[in-house]
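**Student:** For the sequence shown, the numbering used here begins at 93 and goes up steadily by one.
We treat Cβ as the ideally placed atom computed from N, Cα and C, and that holds for glycine.
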Amino acid sequence: MSKNKLKVLHVTGAMNRGGAEVMLMDIFRHISPDIQFDFLINYKLKEGIVKGDFDNEILAKGATIKHIATQWDLGPLHYIRRFKKIYNELGKPNVVHIHLNAKSGIIALAAKLAGASKIIVHSHANLKFRGSKLRVLFETMELFFQKILIHFFATNYWGASVEANKSLFYNSLVTKNKTVVINNAVAVHNFQQVTAQQVTAFKKSLTSSNKTLLLGNVGRLVRHKNVAFMLEVLKELQAQHIDFYFVFAGRIDDAAYMQEINQKIKEYQLTKKVIHLGNRNDVPVLMNALDVFVAPALKEGFGLVAVEAQAAGTPCILYKGFPKSVDMQLNLVTFLNTFEAPKWATAILAAKDKKNTNKEAILRNIKTLGFDIVGNTKQLENLYKS
93 MSKNKLKVLH VTGAMNRGGA EVMLMDIFRH ISPDIQFDFL INYKLKEGIV
143 KGDFDNEILA KGATIKHIAT QWDLGPLHYI RRFKKIYNEL GKPNVVHIHL
193 NAKSGIIALA AKLAGASKII VHSHANLKFR GSKLRVLFET MELFFQKILI
243 HFFATNYWGA SVEANKSLFY NSLVTKNKTV VINNAVAVHN FQQVTAQQVT
293 AFKKSLTSSN KTLLLGNVGR LVRHKNVAFM LEVLKELQAQ HIDFYFVFAG
343 RIDDAAYMQE INQKIKEYQL TKKVIHLGNR NDVPVLMNAL DVFVAPALKE
393 GFGLVAVEAQ AAGTPCILYK GFPKSVDMQL NLVTFLNTFE APKWATAILA
443 AKDKKNTNKE AILRNIKTLG FDIVGNTKQL ENLYKS
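1) Check each candidate in Lys327, Val228 and Glu352 and name the one with the smallest Cα separation from Val314.
2) Counting along the chain, where does the beta strand (DSSP E) carrying Val272 start and finish?
3) Could you name each continuous beta strand (DSSP E) segment of 3 residues or more that falls completely within the region 387-464, going from the start of the chain to the end?
4) Going by beta-carbon coordinates alone, are Ala107 and Val278 separated by less than 9 Å?
5) Kindly list the residues whose CB is nearer than 7 Å to the CB of Gly258, restricted to its own chain and excluding five residues on each side of it in sequence; keep chain order.
6) Rounding to the nearest angstrom, what Cα-Cα distance links Trp436 and Ser209 in this structure?
7) Quick one: complete alpha helix (DSSP H) runs, 4+ long, within the region 276-317?
8) Distance check for Glu324 and Lys177, CA to CA, integer angstroms please.
9) Given Gly105, which residues of its chain have a CB within under 6 Å of its CB, disregarding the five upstream and five downstream residues?
10) Have a look at Val231 and Lys303 and give me their C-alpha separation to the nearest angstrom.
11) Can you tell me which of Tyr411, Leu475, Val272 and Phe129 puts its alpha carbon nearest to the alpha carbon of Leu390?
12) With DSSP run on the structure shown, which of helix, strand or coil describes Lys99?
13) Report the option in Phe321, Leu132, Lys153 and Thr156 whose CA atom is closest to the CA atom of Ile190.
14) In chain order, which alpha helix (DSSP H) runs of at least 4 residues are fully inside the region 125-152?
15) Taking buried to mean at least 16 other C-beta atoms within 10 Å of its own C-beta, is Met233 buried or exposed?
16) Excluding the 5 residues preceding and the 5 following Asn457 in the sequence, name in chain order all residues of the same chain whose CB lies nearer than 7 Å to its CB.
17) Need the endpoints of the beta strand (DSSP E) that His189 sits in, please.
18) Beta-carbon within less than 7 Å of Phe321's beta-carbon, same chain only, minus the 5 sequence neighbours each way: which residues are those?
19) Relative to the alpha-carbon of Lys358, which residue among Ile274, Met117, Asp130 and Lys327 has its alpha-carbon at the smallest distance?
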């Protein structure tokens, strides 16, 4: 590796197919050759080091992957010492880019003590805590503590949206324009190069009827994605005798929640209508095949999948947990602020024939609004070097 390269160390969780990780990999594929990416992956001791979906590609592109147990597994002091050792082993990267939301404060402190000159904390989520009162209290206290460390030890404050920035950084940073919004961009060409034959083959793998309404969602299976409510909507569609399939792709991050979902699928007699596809590497084909993308997620830092759906020309029905900025102004997005299943069913049926096949208009709007990966990557290159 040339000594003249700018070295960027990305501090992440497992590099699986989540929204932030997908965007980071798209950036990696488009980044200038004079910038070197390496990865420090945080893992839980009880789970051990697990190979990520993108690890092979990361290594094939010449990056180094290091692993570190989480700050609460090691304890903050041990974590800081371990971080410094790894930082030195990697040749003291010029930039430390942290992607771990409410865990970022201690990491920013560790980077500062290791000698990093540019420390970026990147907020990928609009943080809203749910669960038991004790859990919410603990996470709120942790965020309070981490925010202080972020404020004093980070040098740059980035986020997927204004909402994501407000949730992780002090309001004074946001109001004084010291934060930067880095749009969650997509490689539009990947979604526009999908052929009719690929779409037909995908649909035939599910159903033999061209008239079947194909609904879907892409994302990790966790509680805040609200798949349970989606089943209420499907139950309503079934009561209206609509011929449909619902597919959802993504890894299972909450096994207990998946059990609840499977029980509801059986209870609502949707077994033949709902298909979990697991992790997929053909998301552009899936997005093109859908008649409507449906996402009732309670919260999203940005919601990259909604832009991916629009890149494929697919209508989207979204809960207001998505920021308004996901709308690429293609008349493809409907926001709902209710969890009344009949209203969602009505919105889906109203959207099902609104596919946008004007690829030039789609690309133009996504580029103009700053969500194309080429322009996004150039923005990051300039910020890394500034």
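**Tutor:** Reading it off the structure:
1) Glu352
2) Thr271 to Val273
3) 408-411 and 425-428
4) The sequence given here has Met at residue 107, not Ala. Contact: no.
5) For clarity, residue 258 is Lys in the given sequence; the question names Gly instead. If we look at Lys258 and ignore the five residues flanking it on each side, its Cβ neighbours are Val266.
6) 49 Å
7) 280-284 and 288-296
8) 51 Å
9) Asn134
10) According to the sequence as given, residue 231 is Glu; it is not Val. Taking the straight line from one Cα to the other gives about 47 Å.
11) Tyr411
12) strand
13) Leu132
14) 147-152
15) exposed
16) Met420, Gln421 and Leu422
17) Val187 to Ile190
18) Pro388 and Phe431
19) Lys327
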